[in-house]
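Novice:
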């Protein structure tokens, strides 16, 4: 079987129906035992989730990482039981796990957590993110196909597979759903099938209070294939599984557009009182209501967590079917391997996130003395690496030229009919055009990384990291190998003014646990930082890069300047006090302010003050060093210190210490040329030197 | 004239045409002189902006704050010249201002800045925000009408006015446009008219590379009234001003739905080479192209900043027309004042942002010893103040019950047909239902505050402040009187797990210049913080409130605890060392961790260690105190310190100092009951006491 075969006609027996009702009973029991959670949607979505896992998806529970599996993304993460119960049916979770729902240390936390529970493809809960991940996965699947098996006719490649997602009213309301759905339609992602569970209930109860758009028409405007399945009818509720299955069949057959199936459900059906209420959305139903519902479903109201043997045997057959599908697939896959030895090597390498031999040879070095913006250095690295790292791809949220994020000569990933005179298009291309959709970009990058194999990056101005912040947080939570190229990283942006000048962003991004924020001090630090970042795929990295030119330090032997390869240490002695004397004062700087520290060192030397300059491109990498290294760079005995960064001081107090001074900006910027701004806002060698004098005075008391 | 009268038929003379071409020449000259900027859209939008300011809007340049003026929001803030040149025509800016475009200290910064340039209704640039502001203004206009003149027939009230906005392709792409447009359709904002400048060019050039949705159909799906005006036709460009004017006439006549006019333009028309290019979007055209364009327009290519007398006389007549309209309006307004003396008092009070006599009498106090979540205390304050502060209104992004953001017994602001069994609806109601649209909520709150008069608040979980962060930043930049009610402010949220538990958010929000972040330590601090926040409308405030119950401290005389009114100091001695001894150590805490500091003080007392507890609900308010007060609370001589907050340590290093310790959480949370989480993650009286011992040891060296 290949993924593109039409599914077999639906054979729906009493055992299937009993299994679906078992889902409802388990969902009620799990929430009741936990005391909190979201039972209602898990009840009403029971048949849909069951259809997906038991009938529609290519899925082998024995290998949840099967490269060719269909992906399932539960964008409506609050109904985590919808997924957990299917994973239990698949044998990936035990009944005990369901009994420990939302408890400390359990495999069934309140929202699905990728990396924590096998079979969970992504962490969801913050609404809209999962839909964005699904769009990213669908794009990654196409890119993967293009890298590994571009010539196989549609539906014949072992890499063909689909992305299924379930979205809720809340996902539909969030702005990110607009960004990623518009882009999915534009990209003609025929491998993406979304089920919209339109139950019209959210926490404030009836969504009529806030939602009256026509969602089906909206998605048609995006170029999606849209179907509606009405289970809730004027005077009755008909859980027409055949109709839903038929809609899925059509969605699967539709390969030129993403598909949306609008499924009109009643939340918590058939609970007699709780159905169709906000309470059923987010709270336990209570013992009486659970009992009443169990009676309706033909379950013993006095028993909990009941899974009849016949049901369990039936649903666990998924393992046989999935195993058989996997074995059948292996034949096709092996034939592909034999025929494509080089591509097979690429696949193996990508799956292990291993970079090719000699890849670092390509990384450019920049001539000392030249003035180069770090964004430009970054662009040069991307272009240099593109030929040897086909897994590296990405693009910008409509700022490609400003972000220097486009590798030279590479085609865009775009249906060819949307190519423009600026950008050549290729269905399997490499350069991503997100449009002015930073948040969608963030969620899509996560989806690409989650899909596996390729390594994505995305670019915008640093100030607009705010627009994508919820997705960046999830990348950090999941520790995904995503790279952000954030340029125009300070008031150095200049004339566009305070709306475009990051002030608080370096602090705010460093605040996110698990995100490495990298602000290189010159072109060669930028190149070395790219190398270090790519070689460590275990977490997301965000580059903060200058718009304006920065001097490229002469790091040759005898120059006194350390090699840029020290960047991986996070912080290092860029140039020590003159004559390698014990420093009187340490000047710590990042990015475009490193040059000011270097110049201040000269000013201070004229006064007989011995100043060491520490470049600190990445606080997180520095923190990862052992104490002895850190004490070598920042000896605790040297208490006179100055930190300088064109952002707020908040992250620097711990390095400055009681006697230190921080040269920072604690207010918004202004519209003017950047030289004026640095001068007016006190970022000069002179202010750094003066701060050093003050710190020295404080130490001397 | 009232705002609802149909505009007079368009009388379009050669002088009008010349004035429009003058706009194009000025736009080119200003960008050329600046060396950078966005000329193209200012050129192609020249007739549209001219129509709005010179013909369609109720606008009196002599009084840019006229309460009944139509508002103009340039959501496409990059084309700031579109606005500046109209303000020049209106006499609010001089030609000199245009010559200093994007220069230090000028009134014409790169993007329009509210509060900096008279006549700029809002700060724009970050895309989508202006559209959200416009929706908020349209809602505020309705609420104002309801408060001041609810019974006047449509179109007869002196408070009837309209909100006009211009949006670009980029606004349309941003997710926030979806949130606010869906809500605007739902709210049937007939007083909102948006012009979508579909020029199909953005920074990556032809938007075809990233945008193919059918925008008109999308907006119809939102319930908007949509018209399309095609100036760009297959083989020619016809700047049909009459057609645009006719569309505006229809949009004005449409009072039941917001209106979108899709205007298909060619950017930078009629520049011979630059038109329809990405370069014309964001860069100076260059001398040759400017000269060529001026020749086409019939201007002397060797002259710059030319405004012929005839043109200037003609456009400055706007002042006479606006003044006459203002005087005519005053008749109606005075009649209203006479007839509505109490409402007139309310209007005066609202315009001055003055609160009524005795309003603080309503603020509840909470009984000592009771366990109360600060979110619940906040809800009690909102309910208590609602009757005396009609200007205070707001709501939640679908978390009303969790956020405790709904005042008792108040109707929802909603077309009555959308009322639900949970929420009574009133066209002029008070409770806002944003749906799951946090970002839209943020921009709408800004729009409400900008409109003037009323005082808005918006609520969601603290973790989802990330979703609205770009709007929060703009509230801080503009110093708007917006209040955020962010509840579930730590791992104390419990079972929903790491996706819902803020860790870095307090630090990240404190990082925003000009935003006051307030995390009260008990119910009475919450009430006092609301009082303080409302009495200071000069900046936005964000409350971080607990989900879980907190003890209410006994602050009675002799209790040793300071009164909650000290909250306004930002940080204060909650309870001093036993016997008012000189403290050995200071324990600084916020929110739900204050109780741990208080308990640790007891533990330490048993060991003979004298500990002072400082509650620090708002770092920004503490920083605003004079040095002597701050030194009283935190004597520099007492170097043993512990800071405790269930978030990252980053903001606390500066208070802890070299010898201090910080009890913090530097990683993401987990799904479990909150008691387990506080215990497992080290937030207990015991860990605070132990940190105090360590700090004391460090001081003793």
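Protein chains in written order, with full-length UniProt numbering: chain D, 1 to 701; chain Z, 1 to 701. We put the beta carbon where it would ideally sit given N, CA and C, even for glycine.
1. Who does residue 428 of chain D pair with in a DSSP beta bridge?
2. Please confirm if residue 122 of chain D has its CB atom under 8 Å from at least one CB of chain Z.
3. Pull up the distance between the alpha-carbon of residue 547 of chain D and that of residue 624 of chain D, whole angstroms please.
4. Count the other CB atoms within 10 Å of the CB of residue 544 of chain Z; is the residue buried (16 or more) or exposed (fewer)?
5. If I follow the unbroken beta strand (DSSP E) through residue 541 of chain Z, where does it start and stop?
6. How many Å lie between residue 85 of chain Z and residue 102 of chain Z at the Cα?
7. Among the residues of its own chain, which have a CB less than 7 Å from the CB of residue 685 of chain D, if the five just before and after it don't count?
8. When the Cα atoms are used, what is the spatial distance from residue 192 of chain Z to residue 509 of chain D?
9. Should residue 104 of chain Z be flagged as near chain D, meaning a C-beta pair shorter than 8 Å?
10. Drop a sphere of 10 angstroms on the beta-carbon of residue 490 of chain D, count the other beta-carbons inside from all chains shown, and report buried for 16 or more, exposed for fewer.
11. What does the alpha-carbon distance come out to for the pair residue 49 of chain D and residue 291 of chain D?
12. Starting from residue 88 of chain Z, find everything on chain D with Cβ-Cβ shorter than 7 Å and list it in chain order.
13. Can you find a C-beta in chain D that's less than 8 Å from the C-beta of residue 205 of chain Z?
14. Are at least three pairs of beta-carbons, each pair with one atom in the segment 209 to 229 of chain D and one in the segment 446 to 465 of chain D, less than 8 Å apart?
15. Going by alpha carbons, who is nearest to residue 645 of chain D out of D/632, D/658 and D/665?
16. CB-CB under 7 Å to residue 27 of chain D, same chain, minus the five flanking residues each way: which ones, in chain order?
17. Does DSSP put residue 535 of chain Z in a helix, in a strand, or in coil?
18. Within a Cβ cutoff of 6 Å, which residues of the same chain sit near residue 520 of chain D, ignoring the five residues on either side of it in sequence?
19. Residues in its own chain within less than 6 Å of residue 304 of chain D by CB, not counting five upstream and five downstream?
20. Strictly under 8 Å for the Cβ-Cβ distance: is residue 376 of chain D near chain Z by that measure?
21. Which chain Z residues are close to residue 477 of chain D, counting only those with a beta carbon under 8 Å from its beta carbon?
22. Answer yes or no: do residue 391 of chain D and residue 337 of chain D have a C-beta to C-beta separation smaller than 8 Å?
23. Could you check the C-alpha separation between residue 477 of chain Z and residue 122 of chain Z for me, to the nearest Å?
24. Rounded to the nearest angstrom, how far is the Cβ of residue 430 of chain Z from that of residue 410 of chain Z, given a contact under 8 Å?
25. According to the Cβ coordinates, are residue 470 of chain D and residue 227 of chain D closer than 8 Å?
26. With DSSP as the reference, label residue 152 of chain D as helix, strand or coil.
27. Let me confirm a value: residue 580 of chain D is counted as buried when at least 16 other C-beta atoms fall within 10 Å, else exposed. Which label applies?
28. Under 7 Å Cβ-Cβ, which residues of chain Z neighbour residue 654 of chain D?
29. Between residue 691 of chain D and the rest of its own chain, which residues show a CB-CB distance below 7 Å, the 5 nearest in sequence each way excluded?
30. When you compare the segment 169 to 177 of chain Z with the segment 198 to 205 of chain Z, are there three or more beta-carbon pairs, one atom per stretch, that lie closer than 8 Å?
31. Please work out which residues of its chain come closer than 7 Å, Cβ to Cβ, to residue 633 of chain D, disregarding the five sequence neighbours upstream and downstream, and give them in chain order.
32. Do you know offhand how far residue 656 of chain Z's Cα is from residue 689 of chain Z's?
33. Taking a contact to mean a Cβ-Cβ separation below 8 Å, would you say residue 583 of chain D touches residue 630 of chain D in this structure?
34. Straight-line CA distance for residue 252 of chain Z to residue 262 of chain Z?
35. Would residue 650 of chain D pass as an interface residue toward chain Z - the criterion being a Cβ-Cβ separation below 8 Å?
36. Please look up how many angstroms separate the CB atoms of residue 412 of chain Z and residue 394 of chain Z, rounded, as I've assumed it's under 8 Å.
Specialist: In short, the structure shows the following:
1. Residue 428 of chain D sits at position 428 when you count from the first residue of the first chain. Residue 428 of chain D pairs with nothing; no bridge assigned.
2. Mapped onto the first chain, residue 122 of chain D falls at position 122. No, no contact with chain Z.
3. As a working mapping, residue 547 of chain D is identified with position 547 in the first chain. As a working mapping, residue 624 of chain D is identified with position 624 in the first chain. Within the model, the alpha-carbon separation for residue 547 of chain D versus residue 624 of chain D is close to 29 Å.
4. Residue 544 of chain Z sits at position 544 when you count from the first residue of the second chain. Buried is the call here.
5. In the second chain, counting from the first residue as 1, residue 541 of chain Z sits at position 541. It spans 541 to 545 - the beta strand (DSSP E) in which residue 541 of chain Z sits, taken as one unbroken run.
6. Taking the first residue of the second chain as 1, we reach residue 85 of chain Z at position 85. Taking the first residue of the second chain as 1, we reach residue 102 of chain Z at position 102. Roughly 14 Å separates the two Cα atoms.
7. By one-based count along the first chain, residue 685 of chain D stands at place 685. Cβ neighbours of residue 685 of chain D beyond the five flanking positions: 596, 599, 600 and 603.
8. Along the second chain, read from residue 1 onward, the residue named residue 192 of chain Z stands at position 192. Along the first chain, read from residue 1 onward, the residue named residue 509 of chain D stands at position 509. It is roughly 37 Å from the alpha-carbon of residue 192 of chain Z to the alpha-carbon of residue 509 of chain D.
9. As a working mapping, residue 104 of chain Z is identified with position 104 in the second chain. The beta-carbon of residue 104 of chain Z is placed less than 8 Å from the nearest beta-carbon of chain D.
10. Taking the first chain and counting its residues from 1, the one referred to as residue 490 of chain D is at position 490. That one is buried.
11. As a position in the first chain, residue 49 of chain D is number 49, starting the count at 1. As a position in the first chain, residue 291 of chain D is number 291, starting the count at 1. Rounded to the nearest angstrom, the two C-alpha atoms are 24 Å apart.
12. The sequence position of residue 88 of chain Z within the second chain is 88, counting from 1. For a Cβ distance threshold of 7 Å, nothing in chain D lies close to residue 88 of chain Z: the least Cβ distance comes to about 17 Å.
13. As a first step, residue 205 of chain Z is located in the second chain; it is residue number 205 there, counting from the start. Under the 8 Å criterion on CB atoms, residue 205 of chain Z is classed as interfacial with respect to chain D.
14. Contact between the segment 209 to 229 of chain D and the segment 446 to 465 of chain D is not established, with fewer than three Cβ pairs separated by less than 8 Å.
15. Counted from its first residue, the first chain places residue 645 of chain D at position 645. With distances taken between CA atoms, residue 645 of chain D lies nearest to D/665 out of D/632, D/658 and D/665.
16. Taking the first residue of the first chain as position 1, residue 27 of chain D is located at position 27. Within the same chain, residue 27 of chain D has close Cβ partners 39, 42, 43, 81 and 85.
17. Locating residue 535 of chain Z in the second chain gives position 535, where the first residue counts as 1. Residue 535 of chain Z falls in the coil class under three-state DSSP.
18. Looking up residue 520 of chain D in the first chain gives position 520. The residues are 374, 526, 529 and 617.
19. Position 304 of the first chain, counting from 1, holds the residue named residue 304 of chain D. The residues are 29.
20. The count along the first chain starts at 1 and reaches residue 376 of chain D at position 376. Not an interface residue.
21. As a working note, residue 477 of chain D is residue 477 in the first chain. Chain-ordered, the chain Z residues with CB closer than 8 Å to the CB of residue 477 of chain D read 498, 499 and 668.
22. Numbered from 1 along the first chain, position 391 holds the residue referred to as residue 391 of chain D. Numbered from 1 along the first chain, position 337 holds the residue referred to as residue 337 of chain D. Not in contact: residue 391 of chain D and residue 337 of chain D (Cβ atoms no closer than 8 Å).
23. Here residue 477 of chain Z refers to the residue found at position 477 when the second chain is read from its first residue. Here residue 122 of chain Z refers to the residue found at position 122 when the second chain is read from its first residue. Whole-angstrom Cα-Cα distance: 11 Å.
24. As a position in the second chain, residue 430 of chain Z is number 430, starting the count at 1. As a position in the second chain, residue 410 of chain Z is number 410, starting the count at 1. Residue 430 of chain Z to residue 410 of chain Z, Cβ: 4 Å. Contact.
25. Translated into the one-based positions of the first chain, residue 470 of chain D becomes position 470. Translated into the one-based positions of the first chain, residue 227 of chain D becomes position 227. Pairing residue 470 of chain D with residue 227 of chain D gives a Cβ-Cβ distance that is not under 8 Å.
26. Locating residue 152 of chain D in the first chain gives position 152, counting from the first residue. The answer is coil: DSSP assigns residue 152 of chain D none of H, G, I, E or B.
27. By one-based count along the first chain, residue 580 of chain D stands at place 580. Result: exposed.
28. Looking up residue 654 of chain D in the first chain gives position 654. The answer, in chain order, is 653.
29. What you label residue 691 of chain D is simply residue 691 of the first chain in a count that begins at 1. Answer for residue 691 of chain D: 642, 661 and 663, listed in chain order.
30. Touching, yes, given that three or more Cβ pairs across the two stretches are closer than 8 Å.
31. Taking the first chain and counting its residues from 1, one reaches residue 633 of chain D at position 633. Short of 7 Å from the beta carbon of residue 633 of chain D, and not among the five residues preceding or following it, lie these beta carbons of its own chain, in chain order: 571, 572, 573 and 614.
32. Sequence index remark: in the second chain, residue 656 of chain Z carries index 656 (1-based). Sequence index remark: in the second chain, residue 689 of chain Z carries index 689 (1-based). So the alpha carbons of these two residues sit roughly 15 Å apart.
33. In the first chain, residue 583 of chain D corresponds to position 583, counting from 1. In the first chain, residue 630 of chain D corresponds to position 630, counting from 1. No, the pair does not count as a contact, with Cβ atoms beyond the cut-off.
34. Position 252 of the second chain holds residue 252 of chain Z. Position 262 of the second chain holds residue 262 of chain Z. Approximately 15 Å, taken between the alpha carbons.
35. As a first step, residue 650 of chain D must be located in the first chain, where it is residue number 650. Taking a beta-carbon distance threshold of 8 Å, residue 650 of chain D counts as an interface residue toward chain Z.
36. For this step, residue 412 of chain Z is matched to residue 412 along the second chain. For this step, residue 394 of chain Z is matched to residue 394 along the second chain. The C-beta distance from residue 412 of chain Z to residue 394 of chain Z rounds to 12 Å, too long to meet the 8 Å contact threshold.
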